[in-house]
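Residue numbers (UniProt numbering), protein chains in the order written: chain V, 1 to 87; chain P, 1 to 540.
One structure is given below, encoded as structure tokens.
Written out as structure tokens, the structure is:
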């Protein structure tokens, strides 16, 4: 299992556009991938745009992405790239 | 006449007939089905068709309103392919043995409900997106036609709220304005209205009754008002407002991004004067090259007590950031005379215009001055701030100011707070004394800015506040113009630049004179920036 933590810097938080990019990219991976907002109990499917948006992640929130499966390494790298470049 | 109040999302005035958006609301009936697998296949086929429609909408929106706004239809496609959404639909079909329409409707309601209950206006706005995709599926499943507006003449489109696909499918040639009952400033209707430059008022509530369908009305996007069957007076006022707005927009289209250059190639900077943070929007909208005068007084006049360094810093920083690298010239406290704040405890004076005011207060009470300077220098790290000082009459004053600036910088450096070392400092030329010694003053500063209102009052010995003197007050007086020329010549002789930020800058009959004098910058109210640019571009 691999993890990645990131503090959101974008003023709008995880809005539709970056959520869409994340979901699209992670949807191609075979691993089980989850996302959660630190301080919030809900752990949701990072391949679902509705679920990702439902977290209501705002600026300065920290998120934790966890990938578990054959391509977990690539999945975390992809997530890291999208988050650091867009959020 | 009936007047309705809502929220403005895009300025402008639209006059015409109101047409309610006719929506083929799909009525969803729940019924039992025998073959669960066939029903799931029906759903999958409808989904495929919906995805195809969304791709077409995406392509259309790309052409009409650009990629950033078209993106929503890509998000819709993702929502339609969302794992949770599809699972929910299939679960309802399978577990309850019901038709696909019902499963989609219920799922859509549940997800929309989830977004609507979030404590974030942006996410609440997404509830409309979920409803939009669900309605699309239901329409395909039931085979119902799309709604729309039926009209030959352009109309003002009224609706409870329009979803993105409805807005994009409207024939733009037929839309004069939008009036909606609900929706937020973040809704796509609002965003698209802004992108397409269509006057829009939202959140009118249930007062926007369907009874008004077909009636003559006015949408005033500036004030967020809708007038149904306006009376003659309102109609006349609004027609004027509309024409003025159209003229301004036409001017903007013609002149935005153009240089302030005469036919013979002489250039001059055109900046804007502001008195508040809220004015920055107007500066950007009117395409000013910078801010030539930011009156810092409002910070003091709107406060119950001296504004703190932090409070001032936040304001200066925000202006500098919003102007994104363009010059922002901030004038230090210019209080006294006609501008009073009770907590300064200023004495009543016989001659306040000649009294204890502006830099005189700052040099007498250096603590007040230093607080402002610290805030200004801290903010300098966030943009291109320049600082200027009002009511200067001597070289000695400028030297005192520079000594205080030195202290402020040293303190900031010691505490490791970021600031820019190359902040330009200048003085206002608004006393005859400053003009007469302008050669000496120019050696001490980076720039001059002429305050024509005070300079005229002091040169002509005429109190601006006294209406009886209006017939004697001549802003074109040769003495005033000679003062300006002298200051300009002396600034240039010392290799410094000179601007003008008083009301005279907007007097288009003098623009040619100012260009001949070689002024480097004119700063006027935001609304005058483009008329002035137009004038400059017509001069030889």
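Each residue gets a CB set at the ideal place from its N, CA and C atoms; glycine is no exception.
Remember, predicted model here, so these are calculated numbers, not experimental data.
As assigned by DSSP and simplified to three states, the class of residue i
i	result
residue 227(P)	strand
residue 32(P)	strand
residue 447(P)	strand
residue 58(P)	helix
residue 68(V)	strand
residue 217(P)	strand
residue 235(P)	helix
residue 377(P)	helix
residue 457(P)	helix
residue 267(P)	strand
residue 3(P)	strand
residue 169(P)	helix
residue 50(V)	helix
residue 315(P)	helix
residue 23(V)	helix
residue 32(V)	strand
residue 517(P)	helix
residue 530(P)	helix
residue 525(P)	coil
Top-ranked residue by Cα proximity to residue i, from the options
i	options	result
residue 382(P)	228(P), 123(P), 422(P) and 4(P)	422(P)
residue 206(P)	350(P), 140(P), 160(P) and 386(P)	160(P)
residue 189(P)	128(P), 142(P) and 232(P)	128(P)
residue 506(P)	137(P), 523(P) and 428(P)	523(P)
residue 199(P)	241(P), 292(P), 485(P) and 163(P)	241(P)
residue 314(P)	377(P), 261(P) and 263(P)	377(P)
residue 513(P)	236(P), 414(P) and 480(P)	480(P)
residue 319(P)	360(P), 366(P), 426(P) and 379(P)	379(P)
residue 369(P)	341(P), 309(P), 51(P) and 124(P)	309(P)
residue 527(P)	192(P), 126(P), 411(P) and 284(P)	284(P)
residue 530(P)	270(P), 13(P) and 91(P)	270(P)
residue 259(P)	247(P), 287(P) and 244(P)	287(P)
residue 5(P)	430(P), 215(P), 181(P) and 516(P)	181(P)
residue 516(P)	470(P), 540(P) and 60(P)	540(P)
residue 405(P)	216(P), 234(P), 89(P) and 367(P)	367(P)
residue 214(P)	124(P), 281(P) and 152(P)	152(P)
residue 79(P)	35(V), 47(V), 42(V) and 6(V)	47(V)
residue 98(P)	43(P), 411(P) and 81(P)	43(P)
residue 273(P)	228(P), 327(P) and 111(P)	327(P)
residue 325(P)	386(P), 372(P), 302(P) and 311(P)	386(P)
residue 19(P)	217(P), 475(P), 243(P) and 65(P)	217(P)
residue 447(P)	357(P), 496(P) and 408(P)	496(P)
residue 17(P)	34(P), 230(P) and 70(P)	230(P)
residue 209(P)	475(P), 466(P) and 2(P)	2(P)
residue 171(P)	486(P), 443(P), 397(P) and 154(P)	154(P)
residue 87(V)	3(V), 9(V), 1(V) and 2(V)	9(V)
residue 3(V)	61(V), 36(V), 42(V) and 40(V)	36(V)
residue 179(P)	135(P), 142(P), 58(P) and 225(P)	225(P)
residue 391(P)	371(P), 441(P), 408(P) and 403(P)	441(P)
CB-CB length for residue i against residue j, believed under 8 Å
i	j	result
residue 54(P)	residue 76(P)	5 Å
residue 268(P)	residue 521(P)	7 Å
residue 295(P)	residue 334(P)	7 Å
residue 137(P)	residue 104(P)	5 Å
residue 13(P)	residue 238(P)	5 Å
residue 292(P)	residue 499(P)	6 Å
residue 429(P)	residue 438(P)	7 Å
residue 29(V)	residue 71(V)	5 Å
residue 316(P)	residue 330(P)	6 Å
residue 356(P)	residue 350(P)	Not really, about 12 Å apart at Cβ, beyond 8 Å.
residue 427(P)	residue 388(P)	6 Å
Cβ-based burial, residue i [other Cβ within 10 Å; buried from 16]
i	result
residue 305(P)	exposed
residue 51(V)	buried
residue 132(P)	buried
residue 38(V)	exposed
residue 45(V)	buried
residue 323(P)	buried
residue 167(V)	There is no way to answer for residue 167(V), as the model of chain V reaches only from 1 to 87.
residue 279(P)	buried
residue 384(P)	buried
residue 233(P)	exposed
residue 342(P)	exposed
Where the segment 107-130 of chain P meets chain V: residues whose CB sits under 9 Å from a CB there:
111, 114, 115, 118, 119, 120, 122, 123, 126, 129 and 130
Given a limit of 9 Å on CB to CB distance, which residues of the segment 23-50 of chain V reach chain P?
23, 24, 27, 44, 45, 47, 48, 49 and 50
When Cβ atoms are compared, which residues of the segment 67-78 of chain P fall closer than 8 Å to chain V?
71, 72, 74, 75 and 78
Taking a cut of 7 Å between CB atoms, which residues from the segment 77-92 of chain P lie near chain V?
78, 79, 82, 83, 84 and 85
According to a CB-to-CB cut-off of less than 9 Å, which residues of the segment 53-73 of chain V neighbour chain P?
53, 54, 56 and 58
Which residues, in chain order, does the segment 1-19 of chain V contribute to contact with chain P at a C-beta distance below 9 Å?
12, 13, 15, 16, 17 and 19
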